[in-house]
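K.L.:
Pasting in a structure now, in structure tokens, and then I'll have a few things to ask.
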Amino acid sequence: FCRTRLGLPGKLGAIDRSKLNVVGGSVALGHPFGATGTRLVATMAKLLEKKGKGRGLISVCTGGGMGVTAILERT
787 FCRTRLGLPG
797 KLGAIDRSKL
807 NVVGGSVALG
817 HPFGATGTRL
827 VATMAKLLEK
837 KGKGRGLISV
847 CTGGGMGVTA
857 ILERT
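Here this note's numbering is used: the first residue of the sequence shown is 787, the next is one more, and so on.
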């Protein structure tokens, strides 16, 4: 992917699996029609509240190749 899409010779770096999909993805949590974005934001807000502080990245792909990304931060 890096070589063909980004023009880079190799991987961007290691992914810390302990920080990736920490409560599962939409298959595990549910994919409510028309409300997936709301569910993702609510889940991230709840996780950040439990943690007390930090940042969370949310991404959603939509039909037709579009997508949205949001970063939430609790200080």
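Just so you know, even glycine gets a beta-carbon here, dropped at the ideal spot from N, CA and C.
Owing to the predicted nature of the structure, the values given are computational and were not obtained by experimental measurement.
1) Have a look at S812 and G796 and give me their C-alpha separation to the nearest angstrom.
2) Comparing alpha-carbon positions, which option in L843, R841, L792, C847 lies nearest A864?
3) Less than 8 Å between the C-beta atoms of T861 and L843, yes or no?
4) Please report the distance separating the alpha-carbon of G851 from that of K836.
5) Assuming H834 and L858 form a contact by the criterion Cβ under 8 Å, report the distance between their Cβ atoms to the nearest whole angstrom.
P.N.:
To lay it out plainly:
1) Walking along the sequence shown from the start, residue 812 turns up at place 26. Walking along the sequence shown from the start, residue 796 turns up at place 10. Separation of S812 and G796 (C-alpha to C-alpha, rounded to the nearest whole angstrom) is 29 Å.
2) This structure cannot speak to residue 864, because the chain is shown only from 787 to 861.
3) Looking up residue 861 in the sequence shown gives position 75. Looking up residue 843 in the sequence shown gives position 57. Taking 8 Å as the Cβ cut-off, T861 and L843 do not qualify as a contacting pair.
4) The residue you call residue 851 lines up with position 65 of the sequence shown. The residue you call residue 836 lines up with position 50 of the sequence shown. About 33 Å.
5) On the sequence shown, position 48 is the one that residue 834 refers to. On the sequence shown, position 72 is the one that residue 858 refers to. Correcting the residue type first, residue 834 is Leu in the shown sequence and not His. The C-beta distance from L834 to L858 rounds to 6 Å, short enough to meet the 8 Å contact threshold.
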